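In my numbering, the protein residues as written are 4 to 363.
First comes the structure, then the notes that go with it.
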């Protein structure tokens with residue numbers, strides 16, 4: 004290997020360093036020749052977990068003299084430790100030390116202008132938004148992000164404008180930007196693929212804004228139209244069923260089913276077949292013993308797996324959907340469940356107050 008031309012080594016290392024950074028670190032330990040030849044590719048694909056790794060990686064980028072040593076193309080970044088994300092039950096997550104890191108460390112990492120794919124999964128609240136117009140991501144093509152990272156209680160700074168961004172996956176956590184259509188259009192005006200996951204019914208304005216955005220999308224004829232970017236070729240929408248919440252009410256279940264029918268109606272009227280509504284989470288086939296936290300672990304491991312498969316087959320890895328997971332195939336069952344829940348909701352209220360006047 005030491006006698007192999009650098010051009011050949013470069014081709015090999017470019018294909019090899021596509022994991023979480025382990026291959027790049029291993030190559031740097033082989034020999035001085037291999038270390039030098041692989042330096043340009045050692046950091047091109049990196050997964051970072053927790054405050055310690057974030058701080059250490061930010062310091063590594065700050066001290067790098069050569070721009071080639073700071074070349075990061077594919078980044079998976081979360082403020083939770085690896086064991087938090089994939090192994091430990093929920094009771095062990097409360098005192099995770101990663102809650103202590105600052106936004107400054109994240110911004111120092113995100114300033115890498117070479118980023119092409121980014122999974123930004125932040126679970127803590129931050130005084131400053133992680134995505135601002137102070138950072139430049141001219142080459143970013145795909146982004147998976149929590150909805151709170153698209154939101155700021157401040158009027159400034161605004162979201163960056165990523166003209167190269169084509170695929171955006173927004174996962175709802177504790178905050179959702181309202182209006183969401185405005186946040187998506189500002190971030191990625193030329194978007195082609197959009198996925199909205201784990202949408203909760205706790206805030207009706209969120210669901211209403213998404214429904215209205217999709218309705219306007221059906222009527223877009225030109226670039227002057229408002230709402231989601233008119234360049235969209237596929238939109239995947241999935242609500243989080245209230246059975247996965249810590250507190251569940253019949254009213255929440257009714258709201259999920261009601262908005263599910265609205266979304267399904269929009270999907271059926273989309274003659275260009277761009278909009279796909281997925282079943283709520285509890286309607287997916289899962290093991291009976293699966294708990295709320297185990298469901299979270301499976302979900303985020305899927306995000307990580309999709310990030311890792313991006314080089315092999317990006318389209319199939321993220322955006323191709325099993326037909327059995329589409330909502331309209333279970334609408335008959337959902338309508339029956341909706342009517343049963345409405346009746347149960349009415350009976351409960353009549354028992355509580357016999358003088359109540361039904362308003363259904």
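For each residue, glycine too, the CB sits at the ideal point set by N, CA and C.
As the structure is a prediction and not an experimental result, all values here were calculated from the model.
Less than 8 Å separating the beta-carbons of residue 163 and residue 199?
-> no
State the CB to CB distance for the pair residue 171 and residue 146, rounded to an integer number of angstroms; the pair is presumed to be in contact (CB under 8 Å).
-> 5 Å
Going by beta carbon distance, what residues of the same chain come within less than 6 Å of residue 144, once the five residues before and after it are set aside?
-> 119, 167, 169
Over what stretch of residues does the beta strand (DSSP E) that includes residue 67 continue unbroken?
-> Run containing residue 67: none; DSSP gives neither H nor E here.
Short Cβ contact (8 Å threshold) for residue 64 with residue 11 | no
If we ignore side chains and look at the alpha-carbon of each, how far apart do residue 369 and residue 270 end up?
-> The question about residue 369 has no answer, for the chain in this structure spans 4 to 363.
Same chain, Cβ closer than 7 Å to residue 234, five either side skipped, listed in chain order = 193, 194, 195
Ends of the alpha helix (DSSP H) at residue 38?
-> 35 to 41
Leaving out five residues before and five after residue 27 in sequence, what residues of the same chain have Cβ atoms less than 7 Å from its Cβ?
-> 20, 41, 44, 45, 46, listed in sequence order.
With DSSP as the reference, please indicate the residues paired to residue 242 in a beta bridge.
-> Note: residue 242 sits in a beta bridge opposite 202.
So what does DSSP say about residue 290, is it helix, strand or coil?
-> Reliability of the predicted coordinates at residue 290 is poor, the pLDDT of 47 falling under 50, and no value is obtained from them.
Straight-line CA distance for residue 69 to residue 283?
-> 48 Å
Residue range of the unbroken beta strand (DSSP E) whose run includes residue 48 = 48 to 52 is the extent of the beta strand (DSSP E) around residue 48.
Considering only residues of the same chain and omitting the five flanking positions on each side of residue 76, which have a CB-CB separation below 7 Å?
-> 47, 48, 117, 118, 119
Taking residue 131 as the reference, give the member of 62, 151, 25 with the closest Cα.
-> 151
Inter-residue CB distance, residue 197 and residue 266 (contact presumed, cutoff 8 Å) = 14 Å between Cβ atoms; not a contact.
Alpha-carbon spacing of residue 88 relative to residue 239, whole angstroms = 24 Å
Is residue 55 buried or exposed, if buried means 16 or more other CB atoms sit within 10 Å of its CB?
-> exposed
Please name the residue or residues paired with residue 196 in a DSSP beta bridge.
-> 170, 237
What separation, rounded to the nearest whole angstrom, lies between the Cα atoms of residue 304 and residue 121?
-> Cα to Cα, the separation comes out at about 15 Å.
Helix, strand or coil at residue 144 according to DSSP, with G and I counted as helix | coil
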